[in-house]
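Just remember that my numbering sits 1 ahead of the position in the sequence shown, which is counted from 1.
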Amino acid sequence: ASGKLVWEKEIIEIKDRPIITDTLLFFINEMGMISVLDTLSGKEIPLSFEVPTIEESQIKKVNLYKDFVFTFVETPNNLVFKALK
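As structure tokens, this is what we get:
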């Protein structure tokens, strides 16, 4: 390690001790919500994403966990849960 600064992010208020893994940094932000940063880039990773209903069948929610992407696809008759890697 050269000691060269790769990225820096100021977090105003942390509610509890952060958890760091090889690639992710988890912490509770100032609004009491879990935030996740990519430790390689310093970019925030969204934990969920809601999309408005436009069609009969579309992705309703996307969640990230470790190296999986989970999606929920809702149709008028069912709900399909997908785990992608």
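Every residue, glycine too, gets a C-beta built ideally from N, C-alpha and C. Since we're looking at a predicted model, the values are computed, not measured.
What is the DSSP secondary structure of residue i, reduced to helix, strand or coil?
{"i": "E45", "result": "strand"}
{"i": "I15", "result": "coil"}
{"i": "D23", "result": "coil"}
I'd like the span of the beta strand (DSSP E) that includes residue i, first residue to last.
{"i": "L6", "result": "L6 -> no beta strand (DSSP E), and no H or E assigned at all."}
What do you get for residue i, buried or exposed, if any count of 16 or more other CB atoms within 10 angstroms of its CB means buried?
{"i": "S3", "result": "exposed"}
Could you say which of the options lies nearest to residue i if we only look at CA atoms?
{"i": "F23", "options": "L6, L48, V37", "result": "Note that residue 23 corresponds to Asp in the displayed sequence, not to Phe. If we check each option's Cα against that of D23, V37 comes out closest."}
{"i": "P1", "options": "R18, I35, W8", "result": "What the structure shows of the chain is the stretch from 2 to 86, and residue 1 is not part of that stretch, so it cannot be assessed."}
{"i": "G33", "options": "K16, E11, W8", "result": "K16"}
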